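> Questions regarding the structure given below will be posed in turn.
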Amino acid sequence: MEESPGGPSQKKVVAVVGGGLVGALNACFFAKRGFDVELFETREDIRQAKIVRGRSINLALSHRGRQALKHVGMEEKIVSQGIPMHARMIHSLNGKQSPIPYGKKGQYILSVDRANLNKELLTGKNINGMKLMCRVNFVFLRSDGSEEQVEADLIVGCDGAFSAIRKQFLRRSRFNYSQTYIPHGYMELTMPPINGEFAMKPNYLHIWPRNTFMMIALPNLDKTFTCTLFMPFEEFEKITTGDEVIEFFQKYFPDAIPLIGVDALKRDYFRLPAQAMVSVKCSPYHIGSKCVLMGDAAHAVVPFYGQGMNAGFEDCIVFDEIMEQFNEDFSAVLPEYTRVRVPDDHAIADLAMYNYIEMRAHVNSKWFLFRKHIDNLLHFLMPKTIIPLYTMVTFTRTRYHEAVARWHWQDRSLAPKLSDVTCADDVCANGPLSDGRRGGWWGSFTASLVNCLNPVGVSGKRAK
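The opening residue of the sequence shown carries number 1 in UniProt numbering; numbering runs sequentially from there.
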């Protein structure tokens, strides 16, 4: 590590603003490299807090996030505190439950608790000697300012979607910024255990898709499920009494009523108002060699691809890899980080928007299920050529924008063959989703797809 300009015996100082998940993990990365790390947080220390305030949407930890945790020696501990989810479990209106696996056998995502993960990162083995300063507002000072100044060789803004650090970037020329609120809000409800056990099968992400809105449920270690209702704000506002809550659930989520409880639904629906969700894009991510944005401060995404935390954690490991490449020279590292990371973060922000439509509507369609079968079959037959988008995003570190480009290529390649199928409903009833899939139409159909796509004009390397 290079020494600070202050003298040969001084370490470089990194000020990490924001003690949430990405800020805490960044502190681990910088401390591991031998920097003096000062972590600033406006809230009280989450490790001593009796009530943890802020967002509580459960998190889905996948490959990108796990690789970042592995780099600082914390993957094994965090994974042991999560619950594997091998598939989506789709709940239809009639109560039927249908699993849709996330990937191949053995591939899964983990349901993890946000507050517990944050606490573990703040007590990580790499951050001995780190200064954590809570209830502190980090401000930029003009020359006549009277506040105490904090000097650092690098400021890392990890202070969330409404970042105070990013606000200062807006004062600079040629800084691009946009934010988009979606018309839907979210509300959390708790499904308690039944006789000390999970009320539903625990190793699934449960989804009740209802076209313009949906509810999901993720398992917790205490045998509860955290249920999150995503719905347009005007629909939330139409429900004003406890009886209307029950009437709404009887119409759209009847199987959830006995599991959550009538009294709990009437009470918890009005406990807090529906919360908004925002998507943020900006560029560049840095100012000179002195300041850089990461996590939601750089790219807040809506939660529908399960990649918000994973993308933020990947920011940390990408930055660390570039630090290694440029020998910790901030003047070279920061612009390279912007160049590498902006297209990927913008790509996952767009994918998260798209996936909300898929989760609440497409998973109900037979055509969606048919395409899932086709994609998974071709991935099995040609693993180096056809890789499902979800697999690239969730189970590899393929760059997000490259995964999207490959997905579009694969879709264009499949379209001519799939267009021969004139009726998806008939296909699903009598073709690939029937018991006769090994022969006849199904056999000739899949064989013709393979012949059409192999060889192909793309790299056959397996995504890493």
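Every residue gets a Cβ at the ideal spot worked out from N, C-alpha and C, and that includes glycine.
Note that the structure is predicted; figures quoted are calculated from it, not measured.
Could you give the uninterrupted runs of the beta strand (DSSP E) lying entirely in the stretch 218 to 295, keeping only those of 3 residues or more?
As far as the stretch 218 to 295 is concerned, its whole beta strand (DSSP E) runs of at least 3 residues are 225 to 232, 275 to 283 and 291 to 293.
> Going by Cα to Cα distance, which pick from T394, F395, G185 and C316 is closest to L21?
Residue C316 is the option with its Cα nearest to L21.
> Give the single residue among H408, G95, V79 and G124 whose Cα lies nearest to the Cα of S111.
Checked all of H408, G95, V79 and G124; the closest Cα to S111 is V79.
> Under three-state DSSP, which class holds R341?
Note: R341 maps to helix in three-state DSSP.
> Pick out whichever of Q67, A60, P273 and G160 has its Cα sitting closest to the Cα of D113.
Residue A60 is the option with its Cα nearest to D113.
> Consult DSSP for I155 and reduce its assignment to one of helix, strand or coil.
I155 falls in the strand class under three-state DSSP.
> If I follow the unbroken beta strand (DSSP E) through F40, where does it start and stop?
Taken as a continuous stretch (DSSP letters only), the beta strand (DSSP E) holding F40 covers D36 to E41.
> Could you pull out every residue in the same chain whose Cβ sits closer than 8 Å to the Cβ of F330, ignoring the five residues on either side in sequence?
Cβ within range, chain order: D153, L154, S289 and K290.
> Hey, would you say G18 sits closer than 8 Å to A297, going by beta carbons?
Yes; because the gap between Cβ atoms is below 8 Å, this pair is in contact.
> Can the beta-carbon of Y204 be found less than 8 Å from the beta-carbon of R66?
For Y204 and R66, no; Cβs fall outside 8 Å.
> On the CB-based measure, 16 or more other CB atoms within 10 Å of its CB, does D435 come out buried or exposed?
Only weak support is given to the placement of D435: the predicted model assigns it a pLDDT of 45, under 50, and the value that follows is read from those uncertain coordinates. That one is exposed.
> Tell me the DSSP bridge mates of E188?
T228, per the DSSP bridge assignment.
> Pick out whichever of Q307, S98 and L25 has its Cα sitting closest to the Cα of M353.
The shortest Cα separation from M353 among Q307, S98 and L25 belongs to Q307.
> Mark residue 466 as exposed unless 16 or more other C-beta atoms lie within 10 angstroms of its C-beta, in which case mark it buried.
One cannot answer for residue 466 here, as it falls past the ends of the chain, which runs 1 to 464.
> Per DSSP, what kind of secondary structure is H299 in: helix, strand or coil?
Correct three-state label for H299: helix.
> Confirm, please, whether the CB-CB distance from Y181 to V278 is below 8 Å.
Yes, the Cβ-Cβ distance between V278 and Y181 is below 8 Å.
> Identify which residue in T240, H346, H206 and P232 has its Cα closest to the Cα of P84.
Among T240, H346, H206 and P232, the Cα nearest to that of P84 is on H206.
> Tell me whether D425 sits in a helix, a strand or coil according to DSSP, three-state version.
Note that D425 scores a pLDDT of 44, beneath 50, so its modelled location is shaky and nothing firm can be said.
> Are there three or more Cβ pairs, one per stretch, closer than 8 Å when the stretch 187 to 194 is compared with the stretch 268 to 277?
With a cut-off of 8 Å, the stretch 268 to 277 and the stretch 187 to 194 count as touching, because enough Cβ pairs lie within range.
> To which residues of the same chain is residue 480 closer than 6 Å at the C-beta, ignoring the five residues directly before and after it?
Here the chain covers residues 1 to 464 and nothing more, so residue 480 does not appear.
> Taking E151 as the reference, which of V37, K96 and F236 has the closest Cα?
The option with the nearest alpha carbon to E151 is V37.
> What are the start and end residues of the alpha helix (DSSP H) that includes Q97?
Run containing Q97: none in the alpha helix (DSSP H); it sits in the beta strand (DSSP E), Q97 to P101.
> With DSSP as the reference, label S111 as helix, strand or coil.
Three-state result, S111: strand.
> Ignore the nearest five residues each way along the sequence and tell me which others in C158's own chain have a CB closer than 7 Å to its CB.
Contacts found: V16, V17, G18, G20, V22, G23, N26, M294, G295 and A297.
> Does the distance from the C-beta atom of F253 to that of F230 stay below 8 Å?
No, Cβ-Cβ distance for F253 and F230 is not below 8 Å.
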